[in-house]
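A.B. asks: Top line first, the protein sequences correspond to chains A and F. Anchor point for the first sequence: position 318 equals 300 in our numbering, and the numbering is continuous, going up by one each time. Anchor point for the second sequence: position 93 equals 75 in our numbering, and the numbering is continuous, going up by one each time. Positions of the beta carbon are idealized from the N, C-alpha and C atoms, including for glycine. What follows is a structure written as structure tokens; I'll ask about it next.
There are 2 protein chains.
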Amino acid sequence: MNDFNKTKEFTDRYILLSHGDGGIKTGELINKLIIKHFGNKILNSLEDSAVFNNFSHNKIAYTTDSFVVKPIFFPGGDIGKLSICGTINDLACAGAAPIALSMGLILEEGFEISHLEKILKSAADVLKEAGAFIVTGDTKVVEKNCMDKIFINTSGIGCISENVNISPENIKPGDKVLINGSIAEHGLAVLSSRPEFNFKTNILSDCAPLYSLVRDMLNSAGKIHALRDATRGGIATILNEMSDISKTRIDIYEDMLPVKKETRGLCEFLGLDPLYIANEGKIVVFADPSDADKILSAMKKNKYGAQSCIIGEVSENSEKSMVVYNTKIGTRRIIDRFYSEQLPRIC
Amino acid sequence: MNDFNKTKEFTDRYILLSHGDGGIKTGELINKLIIKHFGNKILNSLEDSAVFNNFSHNKIAYTTDSFVVKPIFFPGGDIGKLSICGTINDLACAGAAPIALSMGLILEEGFEISHLEKILKSAADVLKEAGAFIVTGDTKVVEKNCMDKIFINTSGIGCISENVNISPENIKPGDKVLINGSIAEHGLAVLSSRPEFNFKTNILSDCAPLYSLVRDMLNSAGKIHALRDATRGGIATILNEMSDISKTRIDIYEDMLPVKKETRGLCEFLGLDPLYIANEGKIVVFADPSDADKILSAMKKNKYGAQSCIIGEVSENSEKSMVVYNTKIGTRRIIDRFYSEQLPRIC
């Protein structure tokens, strides 16, 4: 890229190796883009470590996720929005309110700065909605052709209220299984925006920050045993994980599980199973049966839960993990973990 | 890679896309490698968020760093050791003891699992030495040729004791500037291990976890005003940052600054300035002048501080950041921030 480096137009438009070296250009990038979109008192100090007052809660939740989604812009979102939602949702599934997030950017030399700004803006918008903050960050740049555009790592710290105890170990036979809406949309939205897939669809990613939904459920005073967001591997994978940890059999019913008509059609056409396709705004809830209606009604009032419903129940203890899918025509099949990915780089 | 996928030998030796999809192969990787090397009660629960009891300290430090060093193995360390040291040192520079770390792995399809294990083992060794733990993690795999082998993000949470108040804003005229040993070795060690550089050297990376050194300094009861590890951009860059924030002029003396003979020779040969070359085990200390000797003596007793010395002082208030290098022959030059990197992908 040496030929281009000489023109000011180029250095203003594209990421250079020097944007990641900790020197003057890194400082410019931080001031012009990072502080502009994420600025807050702690971040602005630009220390290598953010320092802030400890909070009064007894329990901390802590999570990390790297995002390598391809393409970086897709219907319903982009890698920036995704990186914030993913981390907020992991915290939310522990019943934690997001307190502070970190963002580590790895950029390819030559990446368009306007694309970076679009990504940071959509991350900032969703942060604002969720009432969360980026307090520390890092930027690295890798030579052209040594990576694919942009990878983002976000980690996050959340605080858990005294009376909250959410863990798959709490799952018991009799528990109702709920979800906050229709499945498989994120994976299909990403897939449909890849150039090698030559079809049109109106399906949008469901990518959304779900802490407000979890907060409303917790405030409903209904007893939530466990929560899990159904990302990579879809609801099939997380139901298996929950069955595994709690040593229970889980039954899911086809006629209760919300799958949009368009999703179902596309999956049939492509030979994909919606149960295994990634979501980025769907949370599976395990609730005490006596409280399921109370929780469901709280979920329905939240904008990310309007289509919430019960999709099954925990039927019995089972030494071996077992997830059973009950079809409309009355047959049953075991939903196993998948052996190999249907769609790589979905998040 | 479809041809190879069929052989068991291949799937046991190399990273596959399915190692990053959250399914069976991801589970195998986590159990065989991650838990084996990093296992602890919190991590082993394999929840998306680690949940642990809040600590009693009033202040939290929080940091993140991505590591893209090339090559991933270099004299004196590798990307695994580096990723832990970098994060522990960022926390240490806020005066924080490391409590919990996260690790996000991004792996290239086809990466050798034996190399990954070597990297995780060296990360685990340095974690153990530092008394720190990985409590949450994430693994993604990107298609072959879409990235360069392995990138690691580590974030970390630390706790800061009541009486500790370390910040560049505390720097005052009169402060002594100390360092825990000779500079520029990490950058040269990495450079010397790149195939395009055709020379031999015995220089090893100084990569080391420095919290024990900081703890010993804090216990010496000497008043530390500020700490900064001199990584990307070398001591020149961090001295400029400190000068900037504290609005002071800093004077450094060539005859006090430790640079090994071999380092100096190689820098002259390559036309590089050791002041701008990255370190990964060097910390610059700003100390109240009345306490400098006490702190220096505590540093010298630690294994990472045996060669500690005073290298300069904060000479006066200055609206514009100013770092002055006083040479042996009595001349002075301004050490500016660098405009563009000397060595990309050094960490």
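Contact between the region 143 to 152 of chain F and the region 163 to 170 of chain F: three or more CB pairs below 8 Å?
C.D. replies: no
A.B. asks: Taking the straight line between their C-alpha atoms, what separation do you get for V241/F and A218/A?
C.D. replies: Working through the second sequence from its first residue, we reach residue 241/F at position 259. Working through the first sequence from its first residue, we reach residue 218/A at position 236. Their backbone Cα atoms lie some 58 Å apart in a straight line.
A.B. asks: At the level of alpha carbons, what is the spacing between L74/F and N299/A?
C.D. replies: As a working note, residue 74/F is residue 92 in the second sequence. As a working note, residue 299/A is residue 317 in the first sequence. Note that residue 74/F is Ala in the sequence shown, not Leu. Those two C-alpha atoms are separated by around 47 Å.
A.B. asks: Show which residues of chain F have a CB atom less than 9 Å away from the CB atom of P240/A.
C.D. replies: As a position in the first sequence, residue 240/A is number 258, starting the count at 1. What P240/A touches in chain F: nothing, since even the nearest Cβ is about 22 Å away.
A.B. asks: Return no unless some Cβ of chain F is closer than 8 Å to the Cβ of G92/A.
C.D. replies: For the purposes of this step, residue 92/A is identified with residue 110 of the first sequence, where counting begins at 1. Chain F contact via Cβ: absent.
A.B. asks: Mapping the DSSP letters down to three states, classify T69/A as helix, strand or coil.
C.D. replies: Sequence index remark: in the first sequence, residue 69/A carries index 87 (1-based). Residue state, collapsed to three classes: helix.
A.B. asks: Answer yes or no: do V33/F and K243/A have a C-beta to C-beta separation smaller than 8 Å?
C.D. replies: Within the second sequence, residue 33/F is the residue found at index 51, counting from 1. Within the first sequence, residue 243/A is the residue found at index 261, counting from 1. Result no, Cβ atoms of V33/F and K243/A do not sit closer than 8 Å.
A.B. asks: Since S48/A and G86/F should fall inside the 8 Å C-beta cutoff, what is the C-beta to C-beta distance between them, to a whole number of angstroms?
C.D. replies: The sequence position of residue 48/A within the first sequence is 66, counting from 1. The sequence position of residue 86/F within the second sequence is 104, counting from 1. At roughly 4 Å, the Cβ-Cβ gap stays under 8 Å, so S48/A and G86/F are in contact.
A.B. asks: Are there 16 or more other CB atoms within 10 angstroms of the CB of K18/A, so buried, or fewer, so exposed?
C.D. replies: Your numbering for residue 18/A matches position 36 in the first sequence. Under this definition K18/A is an exposed residue.
A.B. asks: Of the choices S96/A, A76/A, R176/A, I12/A, whose alpha-carbon is the least far from that of E(-9)/A?
C.D. replies: Residue -9/A sits at position 9 when you count from the first residue of the first sequence. Selected option, being the one with the closest Cα: S96/A.
A.B. asks: Along the chain, where does the beta strand (DSSP E) that runs through C141/F open and close?
C.D. replies: Locating residue 141/F in the second sequence gives position 159, where the first residue counts as 1. Taken as a continuous stretch (DSSP letters only), the beta strand (DSSP E) holding C141/F covers 132 to 142.
A.B. asks: Can you list, in chain order, the residues of the region 107 to 136 of chain F whose Cβ is nearer than 7 Å to any Cβ on chain A?
C.D. replies: V117, T118, G119, D120, K122, V124, E125, C128, M129, D130, F133, N135
A.B. asks: Do L54/F and V108/F have their C-beta atoms within less than 8 Å of each other?
C.D. replies: Counting from one through the second sequence, the residue named residue 54/F turns up at place 72. Counting from one through the second sequence, the residue named residue 108/F turns up at place 126. Sequence inspection shows Ile at residue 54/F; the Leu mentioned does not correspond to that position. Result no, Cβ atoms of I54/F and V108/F do not sit closer than 8 Å.
A.B. asks: Run through chain A and tell me which residues come within less than 9 Å of R64/F, C-beta to C-beta.
C.D. replies: Position 82 of the second sequence, counted from the start, is the residue given in the question as residue 64/F. It is Leu, not Arg, that sits at residue 64/F in the sequence shown. What L64/F touches in chain A: nothing, since even the nearest Cβ is about 12 Å away.
A.B. asks: Among G140/A, I232/A, F37/A, G4/A, which one has its Cα closest to the Cα of N308/A?
C.D. replies: As a first step, residue 308/A must be located in the first sequence, where it is residue number 326. Comparing Cα positions, the closest option is I232/A.
A.B. asks: Locate the beta strand (DSSP E) running through L89/A, then write down its first and last residues.
C.D. replies: For the purposes of this step, residue 89/A is identified with residue 107 of the first sequence, where counting begins at 1. Unbroken beta strand (DSSP E) run through L89/A: 78 to 90.
A.B. asks: Can you tell me whether DSSP reads D273/F as helix, strand or coil?
C.D. replies: As a working mapping, residue 273/F is identified with position 291 in the second sequence. Helix.
A.B. asks: Does N13/F come within less than 8 Å of chain A when only Cβ atoms are used?
C.D. replies: In the second sequence, the residue the question calls residue 13/F occupies position 31. Judged by the 8 Å Cβ criterion, N13/F is not in contact with chain A.
A.B. asks: Taking only runs that begin and end inside the region 223 to 305 of chain A, name each unbroken beta strand (DSSP E) of 3 or more residues, in chain order.
C.D. replies: 230 to 235, 265 to 269, 291 to 299
A.B. asks: Residues of chain A with CB closer than 9 Å to the CB of K346/F, please, in chain order.
C.D. replies: Residue numbering for chain F in the displayed model covers -17 to 329; residue 346/F lies beyond these limits and cannot be assessed.
A.B. asks: Indicate whether I165/A and N261/A have their beta-carbon atoms separated by less than 8 Å.
C.D. replies: For the purposes of this step, residue 165/A is identified with residue 183 of the first sequence, where counting begins at 1. For the purposes of this step, residue 261/A is identified with residue 279 of the first sequence, where counting begins at 1. Contact flag set, yes.
A.B. asks: Report buried or exposed for T(-11)/F, applying the criterion of at least 16 other Cβ atoms within 10 angstroms of its Cβ.
C.D. replies: By 1-based counting over the second sequence, the position of residue -11/F is 7. It counts as exposed.
A.B. asks: Quick check on the burial criterion: 16 or more other C-beta atoms within 10 angstroms. Buried or exposed for K7/F?
C.D. replies: To locate residue 7/F, count along the second sequence from 1; it is residue 25. Buried, because 16 or more other Cβ atoms sit within 10 Å of the Cβ of K7/F.
A.B. asks: Specify, as a first and last residue, the run of the alpha helix (DSSP H) that L109/A falls within.
C.D. replies: By 1-based counting over the first sequence, the position of residue 109/A is 127. That run of the alpha helix (DSSP H) goes 95 to 112.
A.B. asks: For I206/F, report the span of its alpha helix (DSSP H) as first-last.
C.D. replies: Position 224 of the second sequence, counted from the start, is the residue given in the question as residue 206/F. Careful: I206/F lies outside any alpha helix (DSSP H), inside the beta strand (DSSP E) at 206 to 211.
A.B. asks: So with Cβ pairs under 8 Å, would you call I153/F a contact of chain A?
C.D. replies: Position 171 of the second sequence holds residue 153/F. Output row for I153/F: interface = no.
A.B. asks: What is the rounded straight-line gap between the Cα of C141/A and the Cα of T313/A?
C.D. replies: Stepping through the first sequence from its first residue, residue 141/A is reached at position 159. Stepping through the first sequence from its first residue, residue 313/A is reached at position 331. The alpha-carbon atoms of C141/A and T313/A are separated by roughly 44 Å.
A.B. asks: When the cut-off is 8 Å and only beta carbons count, does R314/F lie next to chain A?
C.D. replies: Mapped onto the second sequence, residue 314/F falls at position 332. Taking Cβ atoms only, chain A never reaches closer than 8 Å to R314/F, which makes this a no.
A.B. asks: What does R327/A touch in chain F if you count any residue whose Cβ is under 7 Å from its own?
C.D. replies: The residue given as residue 327/A occupies position 345 in the first sequence. Within chain F, the residues near R327/A are V124.
A.B. asks: Would you mind sorting A288/F into buried or exposed? The rule is 16 or more other CB atoms within 10 Å of its CB.
C.D. replies: One-based indexing of the second sequence puts residue 288/F at position 306. With fewer than 16 Cβ atoms within 10 Å of its Cβ, A288/F is classed as exposed.
A.B. asks: Output needed for H51/A: all residues of its chain with C-beta closer than 7 Å, excluding positions within five of it in sequence on either side, in chain order.
C.D. replies: Within the first sequence, residue 51/A is the residue found at index 69, counting from 1. Checking the displayed sequence, the identity of residue 51/A turns out to be Val instead of His. Closer than 7 Å at the Cβ level, and outside the excluded window around V51/A, lie I61, L64, V172, R327, I328, C329.
A.B. asks: Can you tell me whether DSSP reads T121/A as helix, strand or coil?
C.D. replies: Within the first sequence, residue 121/A is the residue found at index 139, counting from 1. Strand.
A.B. asks: Applying a beta-carbon distance threshold of less than 7 Å, which residues of chain F neighbour R197/A?
C.D. replies: As a first step, residue 197/A must be located in the first sequence, where it is residue number 215. In chain order: nothing, as chain F lies at least about 16 Å away.
A.B. asks: Label E178/A either buried or exposed according to how many other C-beta atoms from any shown protein chain fall within 10 Å of its C-beta, with 16 as the threshold for buried.
C.D. replies: Taking the first residue of the first sequence as position 1, residue 178/A is located at position 196. Exposed is the call here.
A.B. asks: Alpha helix (DSSP H) containing S174/F: first to last residue?
C.D. replies: Locating residue 174/F in the second sequence gives position 192, counting from the first residue. That run of the alpha helix (DSSP H) goes 167 to 174.
A.B. asks: Give a yes or no on whether the C-beta atoms belonging to M224/F and R246/F are separated by under 8 Å.
C.D. replies: Along the second sequence, one-based indexing puts residue 224/F at 242. Along the second sequence, one-based indexing puts residue 246/F at 264. No; because the gap between Cβ atoms is not below 8 Å, this pair is not in contact.
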